[in-house]
Structures are given as structure tokens and as C-alpha cells.
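Following the working numbering, the numbering of the sequence shown begins with 2 at its first residue and continues without gaps.
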Amino acid sequence: MNELIGRVFDFETKVYPGESTLYNQLANHGQSPKALMISCADSRIVPEQIMQAAPGDLFVCRNAGNIVPPHASQLGGVTATVEYAVMVLGVRDVIVCGHSDCGAMKALATNADLTAMPNVAAWLRHSHAAQKVCAENYPADLSDADKLRNMALENVVVQLAHLRTHPSIASGIARGEIALHGWYVDIHAGQVLGLDGTTGRFAPLREGAPMPVAHPQGRRLAGETLYAQAAE
Numbered sequence: 002m003n004e005l006i007g008r009v010f011d012f013e014t015k016v017y018p019g020e021s022t023l024y025n026q027l028a029n030h031g032q033s034p035k036a037l038m039i040s041c042a043d044s045r046i047v048p049e050q051i052m053q054a055a056p057g058d059l060f061v062c063r064n065a066g067n068i069v070p071p072h073a074s075q076l077g078g079v080t081a082t083v084e085y086a087v088m089v090l091g092v093r094d095v096i097v098c099g100h101s102d103c104g105a106m107k108a109l110a111t112n113a114d115l116t117a118m119p120n121v122a123a124w125l126r127h128s129h130a131a132q133k134v135c136a137e138n139y140p141a142d143l144s145d146a147d148k149l150r151n152m153a154l155e156n157v158v159v160q161l162a163h164l165r166t167h168p169s170i171a172s173g174i175a176r177g178e179i180a181l182h183g184w185y186v187d188i189h190a191g192q193v194l195g196l197d198g199t200t201g202r203f204a205p206l207r208e209g210a211p212m213p214v215a216h217p218q219g220r221r222l223a224g225e226t227l228y229a230q231a232a233e
């Protein structure tokens, strides 16, 4: 802890002076983040570092398992953060970011006994759909590492589906203003994968190549389609 406190002093004496203009601008004019990232609370995953983001660039929500509860199933920080980011800050890109060696996903992949942690068990129920997908659709003889990786990837897909149940997200998608992204950070390889909504698979993010997007921006109103009227 003393080491961390020492870094606070470094921020005050070394970091802030060089960034004082930026901090003063943010303090006087407020924030306009470019994206909302919902990531795991794992200490090895630092959203700002992964995206090389400066202060004010990124609105971040972190929790165990990068989970987004379906709207109205549980009031809390994730729901409030999503609503505020979209409706007040005007965020137009939302990223759900999973990662390798995730403890929350490991608990699901191994059917760990969570009796002593009832709150963790209740929280992870929001990932049971991913657990069922993995149990019923992947080979049973996979290695533990592959099972864990599949669980983390499928969990990102499930949380993106939950995200679309939030009214602010659903309305923004209908207007064509919001894009959804599903990312997976491989800690061992130092690589970020993105979910391609067209293929349903994850692909590496590469400079100079089209970025995989789970749900790209585009106006979508079901009632805009014209149908032939039935003859009377």
C-alpha cells in the first residue's frame, strides 16, 4: 500500500504538472468520453492502458466477470452507468471486454462450489447462458484452458445481448447512433480480439484492417418496412 501511496505523490508532483492544461480543460468544461467500456475488475486488465486513453477519453465500468445484468433484473451500478453514459454523456460506442484467465469465468467453467460466496454466485447467474452454451455445444474433452477461453468468449456474447435490453441502448441502436463492441484481451499474448457480428466469431484487431464490430451503427426500425395490404 505504501508503494501505491508513493505513486499518488508522483502524480501530484510529476504527472499533473505536465498534464495540467488537459485537467483544467476537463474540470472547466466537463467530460465527453469517446466510449463506454464495461470490463472485468481483474487487476491485470486496465482499460485505459489497453486503449492508450488519456483522461477524459474513456468512461469505464468494471465488475467481476464484465457482466451486464438484463434491464430491470437488478438495479445497480452497471445499469446506472450505461444509462448515464448514453443519455447524458452522449457515448456512441459501448465495449464489453472479457479476458483470459478470468476468475469469474473459471468458476463457471469448473462448476466451482460458491456456497461460501452467495453474492458472487448470485452475480454469476447473469452468465449462466454462456455456461449452458459451452456445456451443450462444445466438445467435452477440451483442455481446461480451452474451456475457460470459450466461457469468456461466450460470456461477452451473452452480456452484449443483455446490453440490448437496456432502453437507452435499444433506442440508440434504433436511431443508428450506437455501436456495440465485444472484446477479449489475451493477457498471455498481449492481443485484443473483437467480435465480428456478421460471422459471430472473434478476430484480432489489426491496424489498417477493418475493425470487427459486434453491432455496427445503422438505423433499424422494424416498422419502416412496407407490407402489402390485405384485400378487403
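Glycine included, C-beta positions come from ideal geometry on N, C-alpha and C. Source: prediction; values computed, not measured.
A check of alpha carbon separations from A130 across N156, A123, G219 and L115 identifies N156 as the nearest.
Here M38 carries a strand assignment [DSSP, helix/strand/coil]. Around the beta carbon of A73, a 10 Å sphere encloses fewer than 16 other beta carbons of the protein chains shown; the residue is thus reported as exposed. Between the region 94-109 and the region 23-37 there are three or more inter-stretch CB-CB distances shorter than 8 Å, so the stretches are counted as touching.
Remark: C-beta atoms of R220 and R165 do not approach each other more closely than 8 Å. Secondary structure at Q26: helix, using DSSP grouped into helix, strand and coil. Rounded to the nearest whole angstrom, the CA to CA distance from A162 to Y139 is 20 Å. Put simply, the backbone Cα of K107 is about 44 Å away from that of E225. Inter-residue distance for N29 and F60 is about 18 Å (C-alpha atoms, whole angstroms). Under the three-state reduction of DSSP, I46 is assigned to coil, being neither helix nor strand. In the three-state DSSP reduction, V214 falls in the coil class, being neither helix nor strand.
Between L109 and Q132, the C-beta gap is smaller than 8 Å, which places the two residues in contact.
The Cβ atoms of P213 and A223 do not sit closer than 8 Å to each other. For L109, the enclosing alpha helix (DSSP H) stretches over residues G104 to A110. In the three-state DSSP reduction, Y139 falls in the coil class, being neither helix nor strand. Around the beta-carbon of Y24, fewer than 16 other beta-carbon atoms lie within 10 Å, marking it exposed.
With the rule of 3 Cβ pairs closer than 8 Å, the region 43-56 does not count as touching the region 136-150. Taking 4 residues as the shortest admissible run, the region 130-195 contains the following complete alpha helix (DSSP H) segments, listed from N- to C-terminal end: 145-164 and 168-176. One Cα belongs to V121, the other to L115, and the distance between them is close to 7 Å. The three-state secondary structure of R63, taken from DSSP, is strand.
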